[in-house]
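Residue numbers (the numbering used here), protein chains in the order written: chain A, 6 to 454; chain B, 6 to 454. First comes the structure, then the notes that go with it.
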């Protein structure tokens with residue numbers, strides 16, 4: 006009998022926990038991911054606001070799994086599944102396509118940012134879903150303060166000192182809180198011409214409360230903290246246009262801001278569309294696959310979909326993906342051992358947390374609601390616990406001490422390549438500009454699956 | 006009497022020490038730099054090889070000088086000097102040009118990489134002069150090992166596992182040593198299809214010994230260490246062509262390598278050419294300004310040129326720039342106090358060091374020559390001492406412990422944007438490709454002055 010082959014697609018929380026669980030299973034495992042690192046996405050906003058280095062939230066996959074003897078790690082993105090041949094199609098950075106055979110398949114390709122059909126917004130309002138985004142957002146935030154300092158016109162300076170954030174979920178709220186901390190504390194006194202006290206942070210969402218996935222009581226507590234930080238929260242506000250100089254909301258009102266960040270929504274990656282078409286599996290409005298109670302695709306007990314790519318009526322948080330990945334691996338393990346798992350997947354809700362500023366976070370832990378300092382201490386503990394690698398725990402704690410007890414932001418590098426790439430594109434003819442932007446987006450679409 | 010205005014151009018070692026010395030001087034100081042950070046260039050190769058984060062070698066300028074009340078920091082690059090109006094012309098990222106008036110001017114704009122007229126090499130062989138370069142080189146190095154792992158052809162795999170480094174000065178030698186450490190130690194056992202033992206590192210230079218600025222005895226010692234690391238050192242070898250798949254040397258021999266790094270030479274920035282033309286000051290073959298014994302431009306006692314941009318018959322090392330910057334500031338200080346400094350600038354040689362691999366470095370300290378472990382311990386001490394900021398010293402030491410005592414490389418992020426930008430450019434028409442590359446290079450030329 007030849008060895009059973011398991012392919013895991015994606016090294017996010019779902020793929021990571023599936024792969025961990027498959028150690029010592031009598032199978033050959035192949036993990037395919039478009040980057041060489043796992044991403045601890047909940048801390049991405051701290052990379053964007055100068056607290057952490059990208060290495061601290063993105064441990065190398067090969068380092069994590071160096072003790073796994075039954076594992077192959079491959080760089081590339083899975084574009085499609087050949088159900089008949091039982092192979093995944095992998096696109097590489099060299100433009101070639103490879104095929105990787107599977108007996109069992111765990112798809113944990115996550116979600117990607119959604120502009121709700123307005124893809125043109127992306128150029129002016131980057132999102133915050135991966136390391137490249139975080140470096141881009143970091144570059145724009147710190148660059149904005151520099152431009153405000155040398156602006157020779159008050160309107161211009163105001164536009165540089167205004168930050169518009171679309172989306173009041175955890176990412177939007179955490180970004181708003183951290184930009185407020187930057188302007189009011191971390192960068193205070195470091196600019197002589199720009200008055201950072203005039204910094205405006207406008208947080209917009211079409212929903213009627215911040216952190217809608219949390220208990221209403223915690224939403225109210227988060228809103229209070231945001232107001233204390235002078236963040237302008239505009240709820241029930243739908244964004245209809247985003248351009249270089251600002252945001253237009255339904256009703257025609259303008260928010261003039263050079264820096265815009267999109268934290269508004271997610272959709273399933275294009276792989277989900279192709280998988281639904283091939284298998285006939287139903288998909289929800291966001292394109293996620295509706296799976297069986299054991300997380301398999303209807304009619305395909307050999308294919309599992311876990312985490313954000315599955316429609317499960319569960320929040321799009323790390324814990325759902327982790328538990329789903331672990332469950333799928335256990336089902337495969339059970340089958341190989343001749344002891345099938347019959348229990349369906351159930352999600353154990355360990356809680357939900359978001360930090361708004363230093364010393365202030367909100368957390369749902371079962372029926373327990375924490376806010377303020379207590380929530381914040383809980384947040385620190387949980388995040389340190391889940392960070393991967395001893396070194397990352399130590400240096401991250403060091404950075405938190407520097408940033409929260411002190412007021413330093415040591416990772417303030419605004420790499421020039423983003424700025425230059427934008428400038429270079431502006432000098433191209435319109436046709437080629439669109440072609441270049443299109444190619445980049447196509448690749449990014451593939452990369453984030 | 007209006008306040009005396011000092012303008013410092015560049016926040017490298019020269020500009021940093023000039024600005025430090027000008028604290029509490031009765032003058033208004035303006036420091037102009039194209040990035041928001043100072044760069045600790047001697048450790049850039051550690052960012053490129055996954056040991057340090059970019060924040061650790063690039064402290065924010067405003068953080069360094071937050072206690073300086075007489076200082077303005079401005080983002081932008083100085084393109085020219087108007088000698089009559091006594092103003093520098095500053096180009097900004099918004100495409101606008103500003104003018105900043107001076108009474109005294111310290112130009113410390115450094116050097117930029119030189120391809121000796123073969124600018125087309127840059128696309129295939131990036132250099133290592135700034136943070137963007139370091140992230141680009143890091144991306145290419147780690148990407149190469151990933152591509153070797155999935156290559157389906159032995160020739161292809163060999164090309165991915167071959168690293169060609171042009172230039173056997175400190176940067177080339179240190180890079181070669183670190184790539185060897187990666188292949189032989191840090192990444193060992195993490196790849197199953199690529200045999201990292203087959204990694205070839207080819208270090209080429211037209212000169213006849215490695216580290217030509219060091220004592221010949223230390224060059225010999227460095228060469229021995231490199232050979233122990235199986236680095237192929239080719240001296241007296243002139244590179245005549247660089248393309249996507251390799252390097253061609255004089256005589257026609259090819260080194261097939263997908264990863265090429267250019268560490269071969271520097272030239273003065275374009276500002277030097279314009280300054281020479283405007284003032285009539287002589288320049289040397291590399292375009293550096295020949296200055297008076299007090300570092301001023303002939304006929305312009307109000308303009309100082311320090312560091313790599315001055316032709317001084319001194320090595321292009323940090324110490325020369327630091328001491329020059331401090332000296333120029335002291336001359337200005339003396340003039341303002343009515344106590345002119347009459348002593349010409351003299352360089353106090355504190356020594357020269359390069360590290361080849363863990364536990365092995367070479368150092369010239371006066372007549373003392375250190376090599377091996379002793380040199381390496383000296384190297385650690387000196388570099389920690391000169392790193393800016395307590396936090397950077399601590400986390401850097403932590404990273405060194407992890408990388409040198411352990412074998413972890415935690416900063417292995419290969420951001421996708423470089424790869425995507427390269428791919429996007431390849432999809433443009435040839436004309437627009439050249440235009441885009443040209444715009445980027447023009448901006449980079451300006452940026453690095």
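Ideal Cβ positions, reconstructed from N, Cα and C, are used throughout, including at glycine. Since the structure is predicted, the reported quantities are computational estimates derived from the model, not experimental observations.
Proximity test, Cβ basis, 9 Å: residue i and chain B
| i | result |
| --- | --- |
| residue 131 of chain A | no |
| residue 43 of chain A | no |
| residue 266 of chain A | no |
| residue 61 of chain A | yes |
| residue 294 of chain A | no |
| residue 418 of chain A | yes |
| residue 337 of chain A | no |
| residue 343 of chain A | no |
| residue 55 of chain A | yes |
| residue 170 of chain A | no |
| residue 308 of chain A | no |
| residue 136 of chain A | yes |
Cα-Cα separation, residue i to residue j
| i | j | result |
| --- | --- | --- |
| residue 317 of chain A | residue 193 of chain B | 41 Å |
| residue 315 of chain B | residue 290 of chain B | 12 Å |
| residue 397 of chain B | residue 62 of chain B | 8 Å |
| residue 111 of chain B | residue 302 of chain B | 10 Å |
| residue 430 of chain B | residue 128 of chain B | Confidence at residue 430 of chain B is low in this model, with a pLDDT of 45, below 50, so its placement is unreliable and the value that follows should be read with caution. If I take the Cα positions, the gap works out to 11 Å. |
| residue 30 of chain A | residue 74 of chain A | 10 Å |
| residue 346 of chain A | residue 416 of chain B | 40 Å |
| residue 177 of chain A | residue 202 of chain A | 21 Å |
| residue 335 of chain B | residue 18 of chain B | 16 Å |
| residue 204 of chain B | residue 167 of chain B | 6 Å |
| residue 307 of chain A | residue 179 of chain B | 49 Å |
| residue 41 of chain B | residue 80 of chain B | 7 Å |
| residue 286 of chain B | residue 85 of chain B | 14 Å |
| residue 174 of chain B | residue 50 of chain A | 39 Å |
| residue 248 of chain B | residue 140 of chain B | 21 Å |
| residue 27 of chain A | residue 11 of chain A | 9 Å |
| residue 44 of chain B | residue 403 of chain B | 20 Å |
| residue 413 of chain B | residue 70 of chain A | 13 Å |
Residue-chain proximity (residue i, chain A), Cβ-Cβ < 9 Å
| i | result |
| --- | --- |
| residue 394 of chain B | yes |
| residue 415 of chain B | yes |
| residue 58 of chain B | yes |
| residue 146 of chain B | no |
| residue 47 of chain B | no |
| residue 198 of chain B | yes |
Classification of residue i by the beta-carbon crowding that lies within 10 angstroms, buried from 16 upward
| i | result |
| --- | --- |
| residue 265 of chain B | buried |
| residue 65 of chain B | buried |
| residue 433 of chain A | Caution is warranted here: a pLDDT of 44 is assigned to residue 433 of chain A, below 50, making its placement in the model unreliable, and the coordinate value is therefore given only provisionally. By the neighbour-count rule (16 or more Cβ atoms within 10 Å), residue 433 of chain A is buried. |
| residue 87 of chain A | exposed |
| residue 325 of chain B | buried |
| residue 390 of chain B | exposed |
| residue 401 of chain B | buried |
| residue 313 of chain B | buried |
| residue 102 of chain A | exposed |
| residue 164 of chain B | buried |
| residue 273 of chain A | buried |
| residue 54 of chain A | buried |
| residue 379 of chain A | exposed |
| residue 282 of chain A | exposed |
Any non-hydrogen atom of the ligand GTP closer than 8 Å to residue i Cβ
| i | result |
| --- | --- |
| residue 117 of chain B | The ligand GTP is absent from the structure shown, which contains no ligands of any kind. |
Residues within the region 376-410 of chain B neighbouring chain E, beta-carbon criterion of under 8 Å: The structure shown has no chain E; the protein chains it does contain are A and B.
Selection of the region 182-196 of chain B by Cβ proximity to chain A, strictly under 9 Å: Considering only beta carbons, the part of the region 182-196 of chain B lying closer than 9 Å to chain A consists of 192, 194, 195 and 196, in chain order.
Three-pair Cβ contact test at 8 Å for the region 334-343 of chain B versus the region 123-130 of chain B: No contact exists between the region 334-343 of chain B and the region 123-130 of chain B.
Residues within the region 85-119 of chain A neighbouring chain B, beta-carbon criterion of under 9 Å: So the close ones are 95, 97, 98, 99, 100, 101 and 103.
Contact list for the region 63-87 of chain A against chain B, Cβ threshold 8 Å: Listed by position, the residues of the region 63-87 of chain A near chain B (Cβ gap below 8 Å) are 63, 64, 65, 67, 68, 71, 77, 78, 79, 80 and 81.
The region 147-162 of chain A: positions lying closer than 8 Å to chain B by Cβ: Going along the region 147-162 of chain A in chain order, one finds 147, 148, 151, 152, 154, 155 and 157 with a Cβ nearer than 8 Å to chain B.
Stretch pair the region 156-166 of chain A + the region 293-302 of chain A: three plus CB contacts closer than 8 Å: The region 156-166 of chain A makes no contact with the region 293-302 of chain A; the number of CB pairs closer than 8 Å stays below 3.
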